[in-house]
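Here is the structure we will look at, set down as structure tokens.
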Amino acid sequence: MNLTEAIEKRHSVRQYLNKPLENDVIAEINNEIDRCNAESGLHIQLVTNEPKAFDSFMAHYGKFSGVTNYIAMIGKKSPNLSEKCGYYGERLVLKAQQMGLNTCWVAMTYSKVKNAFVIDKGEKLCVIIAVGYGKTQGVPHKSKSIDEVIKAEGQIPQWFKKGVEAALLAPTAVNQQKFTFELKGSSVSVKAGLGFYTNTDMGIVKYHFEIGAGKENFKWADR
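In this text, residue positions in the sequence shown follow the numbering used here: the first is -3, and each later residue adds one.
As structure tokens, then:
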């Protein structure tokens, strides 16, 4: 399964089977986490066989069940931390999908469990990602049209359309899809709208856009 296929097949899953992650699966996820941490400077950690984070009223209210594994998105406090966590978190989400696992981004409906992960001085836990073997494969979310989320003049190149299509398949907080892509020549910018976790969403949709558009076809205006 390539990344484009992973984008198309991946949907949020909240109910998981009572099936632990195999040692080789854990090792493969941790290898990808190590690569992400080395590249980004984040302090991402995989937590396994830990049921307490999702054994609360809020977790049950959020319809989570069977979650015992999750990825903690942690990094040094900075203005771009949320976006960076979104970008590298989605990279791990799609890697998990390629491995036959299911995932769900989780912002508030979980409990912090002492000693489950390490937050060093000056760091912050942004969000976590449930991961495991889902009871289902989830369902597609409703999506805006391309025209609703772009600003572009003249002929729109195919690579830009493909990038936006991939971005519209990205998970966003309460499926708000509050982002706008703007094209000027081969330069692309994306702006977040107002709403919960829109900066995290921006990182997620940027990763999707890069996969759909192809990094060789454009440059980010804000990088």
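C-beta: ideal position from N, C-alpha, C; glycine also.
Proximity of the stretch 157 to 169 to the stretch 31 to 44 falls short of the contact definition, fewer than three beta-carbon pairs being nearer than 8 Å. Of the residues N98, L179, S185 and F175, the one whose Cα lies closest to the Cα of G191 is F175. Look at the stretch 49 to 81 and you find these whole runs of beta strand (DSSP E), each 3 residues long or longer: 66 to 72.
Each residue's CA atom was taken as its position, placing I25 and E18 some 11 Å apart. Put simply, of C81, Y129, E149 and I146 the residue whose alpha carbon is nearest the alpha carbon of T99 is Y129. Cβ neighbours of P47 within its own chain (closer than 7 Å, five residues either side excluded): T64. Less than 8 Å divides the Cβ of M69 from the Cβ of V123.
Taken through DSSP and simplified to helix, strand or coil, I40 comes out as coil. Between Q173 and V145 a beta carbon distance of about 7 Å is seen, short of the 8 Å cut, so the two are scored as contacting. Around the beta carbon of S183, fewer than 16 other beta carbons lie within 10 angstroms, which makes this residue exposed. Listed in chain order, the non-local C-beta contacts of I152 below 8 Å within the same chain comprise I146 and L179, local neighbours out to five positions each way being set aside. Counting only residues of its own chain and dropping the five nearest sequence neighbours on each side, E86 has a CB closer than 6 Å to the CB of I200 and Y203. Following the DSSP letters along the chain, one finds L17 in no alpha helix (DSSP H), marked with neither H nor E.
Residue pairing from DSSP places L179 in a beta bridge opposite V184. DSSP places T196 in the helix class (H, G or I) of the three-state scheme. Each of I67, K211 and G118 was checked against the Cα of W155, and the nearest Cα belongs to K211.
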